[in-house]
Structure formats: C-alpha cells, structure tokens
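Notes to accompany the following structure.
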Amino acid sequence: EEKLDIVFAVHSSASNTFWQAAKKGYDDACAKVSANCQMLFTQTEGSVPEQLANLEAALAQKPAAILTSIVDNNALDDVIQRARDAGIVVIGVNVDDLEGAKGNARQAFVGQGFLAAGHSLGQAQAANFPAEGPIKVLVGISAPGQNWSEQRGQGVINFLEEYKASSGRDVSWEKIDSGTDLAITSDRVGAYLAAHPDTTAYFDTGFWHAGVARVLADRGEVPGKVLLGGFDLVPEAVEQMQKGYIQVEVDQQPYMQGFMPVMMVYLAKNFGLAPANVDTGQGIVKAADAAALMELAAKGLR
Amino acid sequence: MRRLLKISLQKPELAAGLLLICLIVFFQVMSQGVFLGVANMRGVLGLLPEMALVAIGVTLLMICGEFDLSVGSVFALSPMTLAVLMTMGWGFWPALLIGLLVCAAIGLANGWLTIRFAIPSFITTLGMLFMARSLTIVISGGFPPRLKTDEIPMWLFVEFVGPGNLFRASFLWFVVIAILVSLLLSRTNFGNWVRATGGFLPAANAMGIPSSTVKIACFMICSVLAGLAGTIQVLRIGSPLPSIGEGLELAAVAAAVIGGTSLLGGIGSIIGGIVGATLIRVIDNGMVLSQVNGNWFKFAIGALTILAVVGNSWLRKRGRAMKVETA
Amino acid sequence: MRRLLKISLQKPELAAGLLLICLIVFFQVMSQGVFLGVANMRGVLGLLPEMALVAIGVTLLMICGEFDLSVGSVFALSPMTLAVLMTMGWGFWPALLIGLLVCAAIGLANGWLTIRFAIPSFITTLGMLFMARSLTIVISGGFPPRLKTDEIPMWLFVEFVGPGNLFRASFLWFVVIAILVSLLLSRTNFGNWVRATGGFLPAANAMGIPSSTVKIACFMICSVLAGLAGTIQVLRIGSPLPSIGEGLELAAVAAAVIGGTSLLGGIGSIIGGIVGATLIRVIDNGMVLSQVNGNWFKFAIGALTILAVVGNSWLRKRGRAMKVETA
Amino acid sequence: MMTAAREANHDQPIISVRNLHKWYSGVHALKGVSLDFKRNEAVGLVGDNGAGKSTLISILAGLHPKDEGEIYVEGRPAEINRPRDAMNLGIETIYQYNSMVPNMSIARNLFIGREPLKASFMGVGLLDQARMRSESMEAIANVDLHLRSPDALVGELSGGQRQGVAIARAMHFKSKVMILDEPTNHLSVKETNKVIGFVKSLKEQNVTGIFISHNMHHVFACCDRVVAMALGKVVLDKPISETSIEEVHDVL
Amino acid sequence: MMTAAREANHDQPIISVRNLHKWYSGVHALKGVSLDFKRNEAVGLVGDNGAGKSTLISILAGLHPKDEGEIYVEGRPAEINRPRDAMNLGIETIYQYNSMVPNMSIARNLFIGREPLKASFMGVGLLDQARMRSESMEAIANVDLHLRSPDALVGELSGGQRQGVAIARAMHFKSKVMILDEPTNHLSVKETNKVIGFVKSLKEQNVTGIFISHNMHHVFACCDRVVAMALGKVVLDKPISETSIEEVHDVL
Ligand SMILES: Nc1ncnc2c1ncn2[C@@H]1O[C@H](COP(=O)(O)OP(=O)(O)OP(=O)(O)O)[C@@H](O)[C@H]1O
Ligand SMILES: Nc1ncnc2c1ncn2[C@@H]1O[C@H](COP(=O)(O)OP(=O)(O)OP(=O)(O)O)[C@@H](O)[C@H]1O
Ligand SMILES: [Mg+2]
Ligand SMILES: [Mg+2]
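Residue numbers (this note's numbering), protein chains in the order written: chain A, 2 to 303; chain B, 9 to 335; chain C, 9 to 335; chain D, 11 to 262; chain E, 11 to 262.
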C-alpha cells in the first residue's frame, strides 16, 4: 500500500500556538494512518499570498490531499479548483469561505468560521454582562487588515448589534488596534482601561487578553469587574480563567481540526468515502472548565 | 580566459547567479525532479515578478544611498485604491492610474521629507510603512472589497502566456521593466548621477549633480514599482487583501544585498537585485519541495540566506585573489 | 547662556529629550490627566525597561557600525531556553545562565560570520532572526511550557518596588545597565574603540584597534541584553510564548535613530537610544489614551515618529545656526 | 545698452566679494572678506592652515552658503546656492578633498554631471560611452598621468593618481574662472609642473585662475597676484611683481 | 649568544625587505622590492604617482598583506598581519589618507588605540581624560598648530589642520621606526618646516625615519639616503651625498 502524501498549508506562522496544536493533531493522525505529511506555515503571520505560494508548491508535488484554511473568499478559489482538477482531495480547515461550499471547490470543511466564532464569543460573554447600566465594550483588533482578526472582531460586533436591538439596553463599543504581542496588548488595553474605568468588557481577537488579565491583577482590580474574553486556549489564558479574570474563551479544538481531516483523507482515498463537514464544536470554554483543560492544554491537545 | 573568469567572479551579481544555479540543481535533486517540472515552474515564475519588481525599485534606491521600508505597505495600498475606486464605479484604467499616482505621491513624500529635513530615510519610510498600511485599512474598512474581475483586462497582467503556458503576462511586464531600469542605471546620465549620489554624496554635490532631485526620483520609481507589483499580485489572487506585502521591506532589502548591492549606497546592479529576489523565491519554494519540517523551515531559510551571501563573498574573494593583470 | 543652549540643542539626545517632554505634556492634556496617573505610569514603566534594554544594545552596536535584526528572536529564545530547562528540572539560576549564554553564542556567531566572511551584518542577523525564531519553536515544541513561577525569585525581576509601587524591579536593572553601558561607551578605552570602529573603519584599523574583537564584543552585548530583556518580559507576563519580540528589530533601530544614532555608525549615545525607546512607548501609549480610532492608530504612530525626528533635526539645525563661538 | 556698458568696462572684476562672513556652527571662519578677481588674472591665495581659504572658495563654488556679504559676478549680484549655479556662472573648482566618487570609474568620474549624450529627453539621455572613454584618455594624457584604463575605479588609484584625475577633469572643462584648492598636493614632480604650466596658460585662454597653495615657489612661478589670508581675513593683496616670498612669509 | 651576536652587529638593518610582491586584484603593484633600512637613518622614498610607495609602506605597517617575499625586523623574520603587529615591533606610521576618525574629537583621535587609563582590567579601563586633554594640547602645540580646543571634531578641521593632528600623533608616540607618507601635503610653511625638523631630529633620538614626498627639496633637506621607485620596482638607492636632485628626477 502506498503512503498517502498530505499537505496542510495554513495562513499562520510557526510561532502561533494555536496552529502548533493543530499540527500536533495532524502529525498524530498521520502517524496513525502512516501518511507522509507536511505542514506548511507562512513566514509572516496571516499572509495569504505566502499561503498561496506554499499551496502552489504543494500542488506541484501532486499530493493525495491538501488541507488548507480558507481565509479569503476569492484568493484561494483558483488553486483549490486546480487541485481538484488534478484529482487531489481538498478539505478546508479552521476557516471556510463565507459562502460555504458554494464559495469554492473544497470538498468539506472542518472547523468553525471566524465570524461565527466571534459571534458565539460575544454571546457567551453577554451572559456575564451586569444586569444594569450601560454596557461599554472594547474590541481589540489584533491585526487590522488581517482577515482572521477583522472577521472575529466583526463577529463580536455583529452580536453586540443584535444584542443592542433585542435587549434595548445602552450598548456601545469601540475598536482599537491592540497588537499581537502580550506586552504590547497589555500596555495598550491597560492604558485604555485606565482612561475608561467604566468599561464593561474587553474582547480580544486572539489570546493576548491574557496579558490584560495580568494588568488588572497588578492594579488590584477584582476579577470580573472588566470582563475578558478571546480566542484560543494557551496555558496563560487558562490560568487566568482559573483566577477568574477571563470568563469565556473560544476553543475550536485545534487538535481535532488537525486530526479529523487526515482521517477523512484516509477514508476517501482508501474506501472512497466522501469527506464531510465536521463542526469542531462551538467551543466555548468557561472558567468552570478551566481546571480540567489545563492538563490537556499543556499537552497541546486543546 | 582566466581573466574573464576573474572579472566574472568579481561581479557580485554573477557570483550570486552561480550560486542560484547551484541551488536550483540542489533542489532539483532534493525534490526528485519536481522543482524544475512545469507545474512548479509555473508557480515560481508566476510569483517571481511581484517580488522582483519590488526588488528592482529597492535596489535602485539603495544604490542611490537611501532605504525604503514602506514598499510593503505601498504594495497593499495601490491595489486597494484601485479596488475601492472600482467599487465606486470607476473604470479600471483611471483607477489603476490613481492607484499608481498615490504611490508616486508617497514616494515624493518619502523623498521630500528625507531631504528637506535631512533625516534618515529609514525613519521617514518606517513612518510611511505605518501610515500607508493604516490608509489601506481605512479605505477598505478592514475587509477586502470585491474585485470586479470582469471589468479588468486580466490577460494583460496575469493570464498565462508563452510556451507551455509557463509564464504569466506579469512576467513580461517584469522583463520589460527590468531591462528599462537596468538601462536607465547603466546607460544614461541619470544612472550615473544615481551612482554618484549614493557613492559619495559630497562629491556628487560638488560636481553639480542635482542629487535631491535624483533621490526623489528614485524614491518615486521605487514606490510606483512596489504599487504596480502589488496590483499584479492582487489581480493574480483575485482579492485586494489589506494585509498583503507585510514583511516585504526586509525581503526586498535582503534581495538587493544578496545580489551585491551595498547598504551604504553606490554599489549594486538591477540584475543583482533580481537574482537576489529569485534566490529568495527559489529557497522558499525549494524548501517546501524538500519537505523540511514546518518548525525547522525558518531555520533552513535563514541558514541558506546566510550561506548564499557567504558563498557570494567567498567567490568574489577568490576572483580578486586571482593574479591576472586586468588593467 | 546662549552658548549652553546652543551646545544642548546640538546634542541629538537632548533635543529628543525636549521633544519627549513636549509629547508627554501633550498627551497629559489630551488624556485629561490619565497619562501621568499612577495606573498608567505603572504600565508604561513596567514595559519600558524591556524595550529600553534592547535599544541600549542595538544602539551600542549601531555606533560600532553594525546592525542586529535578530534581537527580536533572541528576545524569545533566551526565556524559552530558561523555561524549557526549568521544566526539565534545572534550577532557575543555571537555567538563566544557559539562556544568556545561548544569546552570547548567537551574538558571537553573528559577529564572527559578519567579520570572517566580510558580509553585511544586515544579512547575517536577518538569517539569525529566522534561525533563532525557529529554534525557539523547536525547543518548545510549539507550546509554551509552563513557567514554574514558584521556583523563580520574582522580586528580583518584576515585583513592584519604589514609592507608590511605581516601578518594577526590572526598572532598576535597566537603570544600572544603562549607566554601565553609558560609562563603557563614554569613559573607557573600549568605548573609544567602538566609536572609532563605527566612525571610520579604515582609520580605526590603521591605528591598531582590534576592530574585529570590538565588533564581536558589541554583537555579544547586544544579544545578551536582548535575551535579558526577553527573560524579564516573560517573567512579567508569566508565559514564555514563542512569538514574543516579533518586529522588535525595527522598533529598536528606530529607537536608536530617533535618539540621534547614525545608521552609518560612529555617532550616537546610549541615553539617546533610551530616549528614543521611551518616545516610542509614550507615543504608543498616549495614542491609546487619546482615543484614536483603531484603523487610524498606525497612521498616527507613523506620523508622530516622523514628526519626532523632524523636530529633532530642526532643533539641532537651530542650534547649529546660533552664531556663538563655542571653541 | 547694458551689454555695451559691460563690454566697455573691461577692467571690471569678474568676481567681486564684499564683506563675506561665514560661520560654521561654533567657528567664525570668514570675518568680512572683500576681494576682487580681475579678468584673465592668476591669483595665488595663501595662508596658514585654517585661515579660511577653502571656506572662501567653497562659497564661491556654491558648496557652502554664505552668512553675510555680497558676491558679484561680472558686475551683477550673484546668488550662488548650489555648485550648479557656480558652474553656470562659469566658475569651475577643484576641491581640496571630496572631489571624486571612489566607486566609479575614471571615465565616469571625469564626466559626472556633464555627460556627453547621444540622445536626450528632458535632460535625461543615453550616454555616449565611446566618447567618454576616448575623451577621458585624452584628458588624462594631457596631465602626463599614465593610467591603465579609463575603466579603473578611482578608489583603487594611488593618492597622486586620484588628484591627477581631478586636475584632468578641471582642465577638460575649463571655464571662465578656475579655482584650484591645493591642486599640487600628492602630485609627482612632472605633474606638478604640468599644473603650474596650466595655471600660467590660463591667461592666454582668457581664463581667470585662483590658485591655493602652501608652496610659495609654485605661487610665485605662475601667479600675477598674491592674496594672503590669516584667521578669516585678508592680510595682504599685492601683485607678484611688488612683493617677495619673504614678505608673504612675514605676514603669515 | 644570539643577543650578543645581534647587539654586536649594529650595522644590521632594522628593517629588511626581500623580494616583496603585492597584487591588488588586477594590479601588480610591487614587483619584487628588496630594500634595507638601517638604524637611525632617514630614508627619503620618492617616485612617480602609482609607483608603489604607499603600497610598500602599508605592507610594513600591517595594513595590507603581502603576497610574496620576506620582511625581517632587526634580523628576525617578522609576520606583520595587522597594524598592531607593526606597532608592537616599533613601527609607527602616518598614512597618506584615512588616518583620523572624523566624528571624534582631536584629543580622542590622538590617543585612539593607546589611551591613557586610570585603572584597567583585561585591557579595558577608565580613560584618563584630564591627561588626554593636556597631553593632546601639548602635542599639537609641538607642531606649531594652533587649534581652538582638543574637543573639536577632526571632521570640522581644515585640510592642513587635520594633517597637523596626524603629525602630532606620530611625533607624540614616536617609536623605533617612523614612516611618514607625504606628511607635508596640506601643511602650511611653518608646519612643513616643523616636520622637516622633526625628521632631521629622529636620528638623534635613535629613530629610523622613512619619509615619502614628491618634493625633492624636502627630501634632500632632511634625509640621509634616497630611494626612488618606479612601476613597483626600486630604481635608485643612494646616499644623499652621492646623488643630486637632478639625478633623481632623471630616473623617474
Ligand atoms: N565643516 C566645518 N565645521 C566646522 N568648522 C570648520 C568646518 N570646515 C572648516 N572649519 C573651520 O573653519 C576654519 C577655516 O577652514 P578652511 O578649511 O577654510 O581653512 P584653509 O584656509 O583652507 O586651511 P588649509 O590650508 O589647512 O586647507 C578652520 O578653523 C576650520 O577649523
Ligand atoms: N586598493 C587598491 N586597489 C587596486 N589598485 C590599487 C589600490 N591601491 C593602489 N593601487 C594601485 O597600486 C599602484 C601603486 O599605488 P600606490 O598607492 O602604492 O602608489 P604611490 O607610489 O603611493 O603613489 P602616490 O605618490 O600617488 O601616492 C597604483 O597603480 C594604484 O593604482
Ligand atoms: Mg583648505
Ligand atoms: Mg601614495
């Protein structure tokens, strides 16, 4: 039996912890089915052209399957079409075309879209909003102009709009460029909170709000005075959840996002089973779950 | 014969070219023939023009003794302007023109600020890097507008052409521009002024060269080429992402330096910058084909980049040490 | 009196300091007093030492005529080494030592490669930027190991100290190191050699200065300071992420240049680098307090950076134009 | 009318300098210099180190701005803000330092800023490289300098060879006024004699020469008038025939 | 034994050069130079531009590596790979160019590489700035140069002032062998005389001098022997007493 060649090309760089967890799942799955696997990161975080270049190179190797994050509605359409024309299995992972299956030729999707994830983050945090008074929200766009960040932020804002309309409360929000570095984010958001002590909640489009939690602790604020929520379960974020500073966290189960598609490719190639969409979970993690997750997170499984 | 070898080895762009060939052979072997296969070559040659156009501009500017860190942002701003104007109902050509004019204006601003206040272009263009990127996001609102591909003469920019559909139209643009800028640098009085301005500014001034004008012109050429390259990229990928071109500034400078351009100005050649850009693309692509582990990928890129320049420098040294009277 | 004013204005670090004060006043007004409030100052002063330590090293190296783009990666690698070693059961101090030794080794490699093969340090350290980052990811396996905070003497590095708990212990480290490096540069023969090496290498060589050794020493100091800064940051934020320090290289060079260090070497001062780093932090922080729209944020940062250098250059020019016999 | 008046007044100085002041940051380098250079006259400018000779001529050449005072060229007030302005007024200069781009070839250095073009558009055009090569060989041979090829880089020349190229350049592009700042430094005996011969010959070619040197023998061998400066001021201004080397030495 | 033998042989040359070759990339600059410099002798090294004078002395000074040939210092084969090696062997040099760091003060330039220290550890120590200032003032006054302050930057000096500082430096740190490459260029008459006096005085101080100049009058005024080079070879080597300016001019 010939080894399956699978390539996983994402829009992120190797130093991103989330994708390292996905890589772990991917590598583990590949080992299980003895596939020959390659993970391709970009040099610059979030660079779609680089992802595209990687895909082009991968295509030249004629692998059995390509897994990729479809972060833009148009940019990847052509490559995916060409891959499919060449008989390669293509599965979208983590992010999908906003038009879903209609958007391009990928066969299946594993994960949850940015917009939807942002929306559910907002929704989960709304449960913690104070019952009275105006709600002032700060949304930190970690990387303005980058799809992953803008869309997650937009998801949160979309929710806030709905919430405002449905609850009729005084809800307002502001966006800042919060940066993609724990130290920078904590400094910027810390400064903002110093100037606006009446802020209800801060949403980060990455995990950099973990640094903000530290700032709040340093200032002696009680946990929960400013609600914090964001994406991805890095150990630091889990720890701050345990302390109560972070209330909700979106976890899309990256390990699973790396693992499942390989299985689908295996089934498709060996038995002709069609790849199918997998929702890796609404993935909202609350403080109560934190302790249980700590261990998994440290192992890179969550 | 030896004389010829000596002269060639001493030319950094030729030494870099030699290394490029070695690398290509190496990757061809490592990838079991996939590297030079049509499928992969189409990919490599399709991307190369974008990077190389930027490298051409940056090389020219560096020979003139200045830096441009804002190319990556300009790379994104120009196509975004084009796309936004088109969604506002403008035609392709006027929108393209405005997009490139915006670049020219940025180049002008870079040059003027640098010269008028006698500040390092490193700072001017670093500031511009932030400003142009911010403008890109502002005009797009953070999300890529839809590109009206049906109103755009794609065949002029990104369709495949040539034998075996190996090249994209952008490759022709690149070749023509590379030849023009090379000639400008090596065969015209302007090129002479560029080299003199970057080589030794006090002398250039003393000899009556309008060095400020020369510098500003180079800044503008550099920006416009970056904008054109970005436009080509956006037409190729079909989506004017506001984030494209991030990190391009260092890559472009690296390309120029790998090809033998001096960071201090005065020394270098356009063909060197192109060879440098090609080398970077080849390394990147070859590493993917060689199936390097994702976590070690950057390590390999870094090591190969250093190796390329070390090899280049070593070859030149060999060339210099050859005892042949050349003059 | 006018003479003193003239001399002060001509010093770029003092001119930059003057601008810094103006900016602080400006932001204090814009933020309705929040900027200089205790809460905000604690934040600013907590982060400053980390940036400033990197800027000190980079400034020293730039005065010596070389670049270091790898500081951002070294910034991440050193604490990662520390954390990984500690999870393997090492004690804090030996792990810290190894972490800093790794930095020193990287500095040595940067310097040795640059000098031995006569290649631009821009390339050596750009390659090292990739390599060190890759190593950081490799040794951590991609996941930040947990920091055993209970085994670490936090009070020595990041606890709050001083009146009103305004400073962290890291601030003291920073002050001491800043003074030491300043003295090294201005009061010792080594400092003299650094300036001569960066000022005009042929002359420095001709006068018998061991310029290679001097350069390598500066590379090593720069790397070690970056590693120390990274370690402090990790201790403060509690998690050794493999991505910290990305983009730090340009910020550090910008800090040095804003403070009056020349990109060509030979000119500059440590205090200038520190003022530059502070200026960058103050602008960043002040912009948030001034409620700049997220999409315009980068624009404002870029514009203010350029403005700071323009202002600095203008003040110096005013100083020079004052007709007072100083000598 | 104007023209006639000017033509008539042939004794009118070609360059007049009135009350020139120059500050370098903290140094008052020229303290009110007034001086006339007549047509077709070779003037020797001498003075101690730091007297301000180079400063004076760099203002005339447009390299530095003046702080105070007036400059008249052929009787008309002249604004010399850039070297190009001076060149356009017919003032050609060889500087004491910084006159060549080390990384460029001899041929290119000779023609920088005044390249012969085959075709041009808005001032930018194709170089006539054949002409540059042949003319540069000729120009260099004219100063008795023997160089391997016009393609050698100036940075790879010996000190004297470099100076020789600078001289060749100035001799090739001679103009109404030639300013030479210590041109014989670094030059061998043969070439020095060539330079002195050149300064002497300027008169026949209707060119005014300003010759700076510390070697009084050279000055007295080729100049009509000697101007001595000290501490930013003119301290002596006499025709050669009315003074002697000793007198000049005494005032310095 | 060895020592005694060497001491005895006081006529042994202090520097011997045998069959020295030097290639600069495409130029064969030294084509087998053999030369002896005796103790306490002032040698004038003359030759056309590009003859190879600066190349020869830059090899002795450790600035460039030789390609072939041997160098003996006090009879022992010497490996001179860096300027520091030459200094340690007692060879002090003033170069034709590139001898100062423009952005540093005069005082610092004078002492670069040999700073007086108040305290030191492993070669790195605290500068004795007071001593640097006073000694530098003294050194400069010794060459009759009048400078405003030792804190002025070298880059802001006039051409001659800069050269004067270089001379002052060499005179301050005099050593067993002094090499001066065209030291009188750019210098005023007074200072030129100082330099010539200095070269003359070397003998009394048991120092060997190598003096490069294009001015035969200067060479004949202060040297014991004259060596002429042409096209990378030695073409004349005679005591001053046995030759004349004319003879030297003839061979060049
Ligand atoms: N760029 C500068 N900055 C500051 N001071 C300067 C500068 N250039 C010259 N000076 C000062 O101006 C004075 C006059 O200098 P200048 O070069 O005109 O002298 P010079 O007469 O040409 O001397 P030399 O014969 O040594 O060339 C000197 O005191 C010098 O130190
Ligand atoms: N760095 C270099 N690269 C190439 N060739 C060089 C270099 N330096 C000197 N040369 C060549 O070597 C030869 C000897 O030069 P050198 O400087 O020794 O001459 P010199 O006798 O000192 O002349 P001068 O009296 O003009 O100073 C010349 O032909 C010169 O062109
Ligand atoms: Mg002068
Ligand atoms: Mg010489």
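Cβ atoms here follow ideal geometry from the backbone N, Cα and C, with glycine treated the same way. The structure displayed is predicted, hence computed values, not measured ones.
Against chain C: residues of the stretch 37-54 of chain E by CB proximity under 7 Å: Cβ contacts with chain C come from no residue of the stretch 37-54 of chain E.
C-beta neighbour in chain A for residue 17 of chain C, strict 8 Å: Walking along the third sequence from the start, residue 17 of chain C turns up at place 9. Residue 17 of chain C does not count as touching chain A.
Neighbour-count burial assignment, residue 156 of chain D, 16 or more Cβ in a 10 Å radius: One-based indexing of the fourth sequence puts residue 156 of chain D at position 146. By the neighbour-count rule (16 or more Cβ atoms within 10 Å), residue 156 of chain D is not buried but exposed.
Classification of residue 216 of chain E by the beta-carbon crowding that lies within 10 angstroms, buried from 16 upward: Position 206 of the fifth sequence holds residue 216 of chain E. Counting C-beta atoms within 10 angstroms of its own C-beta, residue 216 of chain E has fewer than 16 neighbours from the protein chains shown and is therefore classed as exposed.
8 Å CB neighbourhood of residue 18 of chain C in its chain, flanking five on each side removed: Looking up residue 18 of chain C in the third sequence gives position 10. 324, 327, 328, listed in sequence order.
Residue 41 of chain D: CB within 7 Å of a non-hydrogen atom of ligand 3: Sequence index remark: in the fourth sequence, residue 41 of chain D carries index 31 (1-based). Ligand 3 never approaches residue 41 of chain D closely enough for any of its heavy atoms to be under 7 Å from the residue's Cβ.
Buried/exposed call for residue 118 of chain B, threshold 16 Cβ in 10 Å: Counting from one through the second sequence, the residue named residue 118 of chain B turns up at place 110. That one is buried.
Contact set between the stretch 101-124 of chain D and chain B, restricted to residues whose Cβ is under 7 Å from the partner: When C-beta distances to chain B are compared with 7 Å, the residues of the stretch 101-124 of chain D below that value are 105, 108, 109, 110, 111, 112, 113, 114, 118, 122, 123, in chain order.
Alpha-carbon to alpha-carbon, residue 214 of chain D and residue 11 of chain D: By one-based count along the fourth sequence, residue 11 of chain D stands at place 1. By one-based count along the fourth sequence, residue 214 of chain D stands at place 204. Residue confidence for residue 11 of chain D is low, a pLDDT of 38 falling below 50, so the modelled location carries little weight and cannot support an answer.
Residue 37 of chain A, enclosing beta strand (DSSP E) - first and last residue: Walking along the first sequence from the start, residue 37 of chain A turns up at place 36. Judged by DSSP secondary structure, residue 37 of chain A falls within the beta strand (DSSP E) whose first and last residues are 37-43.
beta-carbon residue 106 of chain D near ligand 3 non-hydrogen atom, thresh 7 Å: Here residue 106 of chain D refers to the residue found at position 96 of the fourth sequence. Here the distance from the Cβ of residue 106 of chain D to the nearest heavy atom of ligand 3 is below 7 Å.
Distance CB(residue 115 of chain B)-CB(residue 232 of chain B) smaller than 8 Å: By one-based count along the second sequence, residue 115 of chain B stands at place 107. By one-based count along the second sequence, residue 232 of chain B stands at place 224. Yes.
Beta-carbon spacing of residue 86 of chain C, residue 54 of chain C below 8 Å: In the third sequence, residue 86 of chain C corresponds to position 78, counting from 1. In the third sequence, residue 54 of chain C corresponds to position 46, counting from 1. No, Cβ-Cβ distance for residue 86 of chain C and residue 54 of chain C is not below 8 Å.
Exposure of residue 184 of chain C, with buried meaning 16 or more beta-carbon neighbours within 10 Å: Here the question's residue 184 of chain C lines up with position 176 in the third sequence. Result: exposed.
Contacts that residue 192 of chain D makes with chain E (C-beta to C-beta distance below 9 Å): If you number the fourth sequence from 1, residue 192 of chain D lands on position 182. What residue 192 of chain D touches in chain E, judged by beta-carbon distance under 9 Å, is 169, 170, 195, 196, going in chain order.
Within chain B, partners of residue 135 of chain D - CB distance below 9 Å: Here residue 135 of chain D refers to the residue found at position 125 when the fourth sequence is read from its first residue. The contacting residues are 196, 197, 198.
Three-state secondary structure assigned by DSSP to residue 108 of chain A: Mapped onto the first sequence, residue 108 of chain A falls at position 107. Coil.
Alpha-carbon spacing of residue 208 of chain C relative to residue 75 of chain B, whole angstroms: In the third sequence, the residue the question calls residue 208 of chain C occupies position 200. In the second sequence, the residue the question calls residue 75 of chain B occupies position 67. Computed Cα separation, rounded: 21 Å.
Reduced DSSP secondary structure (H/G/I, E/B, other) of residue 218 of chain E: For the purposes of this step, residue 218 of chain E is taken as residue 208 along the fifth sequence, with counting starting at 1. Reduced to three states, the DSSP call for residue 218 of chain E is strand.
For residue 75 of chain A, the nearest candidate out of B/246, B/64, B/98, B/270 (CA to CA): As a working note, residue 75 of chain A is residue 74 in the first sequence. Between residue 75 of chain A and the set B/246, B/64, B/98, B/270, the nearest pair of CA atoms involves B/246.
Beta carbon proximity, residue 327 of chain C to chain E, threshold 8 Å: The residue you call residue 327 of chain C lines up with position 319 of the third sequence. For residue 327 of chain C, the nearest beta carbon of chain E is not closer than 8 Å to its own beta carbon.
Contacting residues, own chain, Cβ-Cβ under 7 Å from residue 217 of chain C (five flanking each side not counted): Sequence index remark: in the third sequence, residue 217 of chain C carries index 209 (1-based). For residue 217 of chain C, where only same-chain residues beyond five positions count, the Cβ hits under 7 Å are 201, 204, 205.
Length at least 4, wholly inside the stretch 56-115 of chain C: the alpha helix (DSSP H) runs in chain order: List check, alpha helix (DSSP H) in window: 79-95.
Burial state of residue 256 of chain B, where buried means 16 or more other Cβ atoms lie within 10 Å: The sequence position of residue 256 of chain B within the second sequence is 248, counting from 1. Its Cβ being crowded by 16 or more others within 10 Å, residue 256 of chain B is buried.
Which of helix, strand or coil DSSP assigns to residue 257 of chain C: Here residue 257 of chain C refers to the residue found at position 249 when the third sequence is read from its first residue. Under the three-state reduction of DSSP, residue 257 of chain C is assigned to helix.
Ligand 4 heavy atom lying under 7 Å from the CB of residue 63 of chain E: What you label residue 63 of chain E is simply residue 53 of the fifth sequence in a count that begins at 1. Flag set: Cβ of residue 63 of chain E near ligand 4.
Distance between beta carbons of residue 201 of chain D and residue 154 of chain D, contact taken as under 8 Å: Position 144 of the fourth sequence, counted from the start, is the residue given in the question as residue 154 of chain D. Position 191 of the fourth sequence, counted from the start, is the residue given in the question as residue 201 of chain D. Their Cβ separation, rounded to whole angstroms, is 6 Å, which keeps residue 154 of chain D and residue 201 of chain D in contact under 8 Å.
Members of the stretch 113-126 of chain A that neighbour chain B once the beta carbon cut-off is set at 7 Å: Within the stretch 113-126 of chain A, no residue qualifies.
Pairwise C-alpha distance: residue 81 of chain C and residue 28 of chain B: As a working mapping, residue 28 of chain B is identified with position 20 in the second sequence. As a working mapping, residue 81 of chain C is identified with position 73 in the third sequence. Distance between the alpha carbons of residue 28 of chain B and residue 81 of chain C: 28 Å.
C-beta contact flag for residue 60 of chain B and residue 282 of chain B at 8 Å: Start at 1 with the first residue of the second sequence, and residue 60 of chain B comes out as number 52. Start at 1 with the first residue of the second sequence, and residue 282 of chain B comes out as number 274. Going by C-beta atoms, residue 60 of chain B is nearer than 8 Å to residue 282 of chain B.
Straight-line gap, residue 103 of chain D to residue 116 of chain D (C-alpha atoms, nearest Å): Walking along the fourth sequence from the start, residue 103 of chain D turns up at place 93. Walking along the fourth sequence from the start, residue 116 of chain D turns up at place 106. Cα to Cα, the separation comes out at about 18 Å.
Buried versus exposed call for residue 272 of chain A [16 or more other C-beta atoms within 10 Å across all chains shown]: Sequence index remark: in the first sequence, residue 272 of chain A carries index 271 (1-based). Around the beta carbon of residue 272 of chain A, fewer than 16 other beta carbons sit within 10 angstroms, so the residue counts as exposed.
Minimum Cβ-Cβ distance from residue 204 of chain B to chain D less than 8 Å: For the purposes of this step, residue 204 of chain B is taken as residue 196 along the second sequence, with counting starting at 1. Answer yes: the Cβ-Cβ gap between residue 204 of chain B and chain D drops below 8 Å somewhere.
For residue 28 of chain C, three-class secondary structure by DSSP: Position 20 of the third sequence, counted from the first residue, corresponds to residue 28 of chain C. The three-state reading of DSSP puts residue 28 of chain C in helix, counting H, G and I together.
Proximity test, Cβ basis, 8 Å: residue 259 of chain A and chain C: As a first step, residue 259 of chain A must be located in the first sequence, where it is residue number 258. Residue contact with chain C for residue 259 of chain A: absent (no Cβ-Cβ distance below 8 Å to any residue of chain C).
8 Å Cβ cutoff met for residue 92 of chain A and residue 262 of chain A: Indexing the first sequence from 1 puts residue 92 of chain A at position 91. Indexing the first sequence from 1 puts residue 262 of chain A at position 261. Cβ distance < 8 Å, so residue 92 of chain A and residue 262 of chain A count as in contact.
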